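Novice: If you use the working numbering, the sequence shown corresponds to residues 110 to 322, in order.
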Amino acid sequence: MDDNNFFEYPYSEFRDGVEQDFTENVRIKKKVFYKNVGIIAAGIICMLLFVLRLPSIFLWLGIILLIIGSVLFKNTSKNDEHLLEIYAGERKMELIYYTNSYRFKRVLNVAYEDILRAEFANNSYEKFRLCFKTSEDTNLSSFTLDNKKLDEPLENILEFDLAPNSLEQGFFLYLASSCFVIRNYNRKKIEKKFGTAEDYFDNIGADFFSPGE
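#1: Would you kindly work out how many angstroms separate the C-alpha atoms of residue 298 and residue 274, rounded to a whole number?
#2: Using a Cβ-Cβ cut-off of 7 Å (strictly less than) and excluding sequence neighbours within five positions of residue 202, which residues of its own chain qualify?
#3: Roughly how many angstroms lie between the CA atoms of residue 118 and residue 159, to the nearest whole one?
#4: With DSSP as the reference, label residue 201 as helix, strand or coil.
#5: Does the Cβ-Cβ distance between residue 238 and residue 266 come in under 8 Å?
#6: Taking only three categories from DSSP, how would you classify residue 250?
#7: Where does residue 259 fall in DSSP's three states?
#8: Taking only the alpha-carbon atoms, compute the straight-line gap between residue 130 and residue 242 and give it to the nearest angstrom.
#9: Assuming residue 252 and residue 216 are in contact, meaning their beta carbons sit under 8 Å apart, how far apart are those beta carbons, in whole angstroms?
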């Protein structure tokens, strides 16, 4: 991470608190997930008991439990959350990406000159992909949510979600292109969809700033 960052999200002084809140939320969702599985399993057991010629109340109880468990499971699954931390300097940046789906975090330190390909991965500008070469300044690592480093082979690619109407999305929409080349980047198309950089950051309640300011 550069000593002189022109962009920080979240700000360094709030970094530990944001990470702790996210990891705690992941743990809570994990507990909820297992409870939902338990409800569904109980529903299946009740229906099996009905098949064994026990009272019909077991059938209705099983159906109710299956419906409740399925609805809760669906709501928990679709509300997948992520956290993307961005610390961008003049010649390199650090990205820290957490997601509920993976149950771990990936940390990418990358020099802009080592980026081989950068692009938005969907038309809604809510997913971004970076391909890079490893060097003294560029490396990708994985850690558990308890900050234990994982020894696993990693490709030189990182794809991550961008929350809509957020500082993380704003960085890649308006600021990142001044640091490295973004494939098929079209500023006019972006401004037509989201407005100017000043408008975008103003709409999300943040101050606009650009590299070099």
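We put the CB at the ideal spot given by N, CA and C, even for glycine.
On a predicted model such as this, the values are computed, not experimentally measured, just so you know.
Specialist: Taking the geometry as given:
#1: Distance between the alpha carbons of residue 298 and residue 274: 16 Å.
#2: 195, 196 and 219
#3: The straight-line gap separating the alpha-carbon atoms of residue 118 and residue 159 is approximately 55 Å.
#4: strand
#5: yes
#6: strand
#7: strand
#8: 32 Å
#9: 7 Å
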